[in-house]
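Undergrad: Residue numbers (the UniProt record's numbering): 1 to 419.
1. If distances are taken between C-alpha atoms only, which option among 84, 219, 409 and 372 comes closest to residue 36?
2. Residue 408 to residue 174, Cα distance in whole Å?
3. Would you mind giving the Cβ-Cβ distance between residue 55 and residue 114, rounded to the nearest angstrom? I have them listed as a contact below 8 Å.
4. Just to check my reading of the structure: residue 387 and residue 345 have Cβ atoms closer than 8 Å, yes? What is that Cβ distance to the nearest angstrom?
5. Could you tell me whether the Cβ atoms of residue 137 and residue 243 are closer together than 8 Å?
6. At the level of alpha carbons, what is the spacing between residue 404 and residue 359?
7. Which of the three DSSP states, helix, strand or coil, is assigned to residue 75?
8. Any idea if residue 230 is buried or exposed, counting beta-carbon neighbours within 10 angstroms, 16 or more meaning buried?
9. Tell me whether residue 106 sits in a helix, a strand or coil according to DSSP, three-state version.
10. Which residues in the same chain as residue 214 place their Cβ atom closer than 6 Å to its Cβ, once the five residues preceding and following it in sequence are excluded?
11. In angstroms, rounded to a whole number, what distance separates the CA positions of residue 2 and residue 186?
12. Which term fits residue 150, buried or exposed, when burial requires 16 or more other beta carbons within 10 angstroms of its beta carbon?
13. How about residue 142 and residue 112: do their beta carbons lie closer than 8 Å?
14. Quickly, what does DSSP pair residue 144 with across the bridge? List them, please.
15. What are the boundary residues of the alpha helix (DSSP H) that includes residue 319?
16. Determine, using beta-carbon pairs with one atom in the segment 266-278 and one in the segment 190-208, whether at least three such pairs fall under 8 Å.
17. Counting only the same chain and skipping the five closest in sequence on each side, list residues whose C-beta sits under 8 Å from that of residue 352.
18. Can you give me the C-alpha to C-alpha distance between residue 183 and residue 12, rounded to a whole angstrom?
19. Using the three-state DSSP reduction, which class does residue 389 fall into: helix, strand or coil?
20. Going residue by residue through the UniProt domain "JmjC" (110-257), where are the continuous beta strand (DSSP E) segments of at least 3 residues, counting only ones entirely within it?
21. Whether or not the segment 330-339 and the segment 391-401 are in contact is what I'm after, with contact meaning three or more pairs of Cβ atoms, one per stretch, closer than 8 Å; do they touch?
22. Given a cut-off of 8 Å, decide if residue 178 and residue 239 are closer than it, judged by their beta-carbon atoms.
23. Assign residue 289 to one of three DSSP states: helix, strand, or coil.
24. Kindly confirm or deny that the segment 280-293 and the segment 76-92 touch, where touching means at least three C-beta pairs closer than 8 Å.
25. Give the DSSP bridge partners of residue 96, in chain order.
26. With C-beta atoms as the reference, is residue 225 less than 8 Å away from residue 146?
27. Would you say the segment 40-47 touches the segment 62-69, given that touching needs at least three Cβ pairs under 8 Å?
28. Need the endpoints of the beta strand (DSSP E) that residue 342 sits in, please.
29. Closest to residue 311 by CA distance: which of 367, 51, 109 and 419 is it?
30. For a test of the three-state rule: what should DSSP assign to residue 2, helix, strand or coil?
31. For the putative contact between residue 85 and residue 78, defined by C-beta atoms under 8 Å, what is the C-beta separation to the nearest angstrom?
32. Which term fits residue 296, buried or exposed, when burial requires 16 or more other beta carbons within 10 angstroms of its beta carbon?
33. In whole angstroms, what separates the C-alpha of residue 27 from that of residue 133?
34. Note down, in chain order, each residue of its chain lying with its Cβ closer than 8 Å to the Cβ of residue 381, except the 5 sequence neighbours on either side.
35. What does DSSP give as the partner residues of residue 371 in its beta bridges?
36. Residue 236 to residue 376, Cα distance in whole Å?
Quick look at the structure:
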């Protein structure tokens with residue numbers, strides 16, 4: 001084991017961020033309290049994920065546009081025109097990041113924020129996909145690049161959990177307990193601005209100088225602010241949009257639109273200003289909702305649990321992206337496919353097995369389309385959905401020639417990738 005309590009089968013991305021076992025993290029910290037970890041007790045460094053050179057490359061060579069980049073000074077977000085400009089002949093779009101303007105603002109004390117790095121920087125894209133798989137919740141990554149001795153943003157809380165990875169330089173963080181624990185996404189810190197300001201004046205729960213490769217886990221709602229020390233500070237913030245019981249309830253209520261009794265109008269003349277009347281109505285509605293969610297569905301209809309599960313799964317898929325595929329390379333790979341070529345399901349695709357439109361068909365349902373195959377491919381699709389690497393000519397239930405045909409089709413459809 002690389003650290004106390006860690007095993008070889010632990011979630012690989014999450015385990016990189018912890019000095020405790022993932023099980024201990026889930027039981028004692030997740031959604032409950034912060035965990036600050038010094039680099040010396042972690043499995044390794046984060047140079048493979050992000051560096052100062054990566055910042056310069058993204059600003060100078062990648063043609064980033066807003067909202068993938070923003071800047072702030074003393075907690076105030078700068079107008080985009082102060083750090084963006086047209087890109088010249090053939091790239092006249094006006095909101096492209098300008099290295100010259102970024103330099104001017106940065107040397108003047110502004111913090112540079114590179115947003116959505118899980119989309120624009122390949123090492124972080126792959127790491128974030130794995131972390132989302134480990135956590136079961138959507139995640140995204142920003143980088144905060146702060147000049148020496150400058151404060152980025154005022155004390156505030158986030159409406160998502162975060163992992164903070166210090167990449168370069170040093171930064172002093174002050175962290176205070178919540179004034180509004182476990183906020184929902186529609187409950188920003190500005191709703192409690194005065195309470196946040198007062199709490200930030202109290203003794204912090206954590207007051208530490210972060211150094212390269214230190215990591216902080218911070219649940220949503222915990223108040224924080226940070227100041228760079230002595231030189232440029234770079235840290236990554238991995239935001240985790242944790243799904244909640246409120247999300248489950250929201251989707252269950254949305255599904256309850258199928259209940260005729262819950263769609264019934266309230267009585268004529270009802271006095272909605274009377275608390276007792278509304279209380280009785282609420283109790284009756286809750287009972288009706290419980291009966292609906294516990295009832296046996298009609299034949300071929302999903303159970304309430306299945307319907308809510310599908311709705312939540314769609315929300316997660318809408319917040320994440322599958323493993324990227326290169327159109328030209330994929331086309332060439334499909335053409336060159338042979339029986340010994342190894343392929344596997346594209347990571348993060350969110351595919352599921354389903355019946356075909358006709359009795360002799362089966363389907364692979366994807367977020368944006370459905371791939372239909374003959375029924376004899378059912379075992380092959382089941383095998384593919386395990387995620388295991390297989391040979392293109394050795395799919396379950398098919399002879400070598402048919403297996404190759406199915407594999408080639410699924411590579412072209414962006415379902416399988418060559419490994």
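Yeah, the Cβ is synthetic: ideal placement off N, Cα and C, and Gly gets one too.
TA: From the atom records:
1. 219
2. 55 Å
3. 7 Å
4. 5 Å
5. yes
6. 24 Å
7. coil
8. exposed
9. helix
10. 38, 39 and 166
11. Because residue 2 sits at a pLDDT of 40, beneath the cut-off of 50, its placement in the model cannot be relied upon, and the point is left open.
12. buried
13. no
14. 113 and 235
15. 304-319
16. no
17. 364, 365 and 385
18. 29 Å
19. coil
20. 111-114, 139-146, 161-176, 206-210, 215-218 and 223-240
21. yes
22. no
23. helix
24. no
25. 65 and 85
26. no
27. no
28. 342-345
29. 367
30. A caution first: residue 2 carries a pLDDT of 40, below 50, which makes its placement in the model too unreliable to give a value.
31. Contact doesn't hold; Cβ gap of about 14 Å is too wide.
32. exposed
33. 18 Å
34. 353, 362, 364 and 373
35. 364
36. 48 Å
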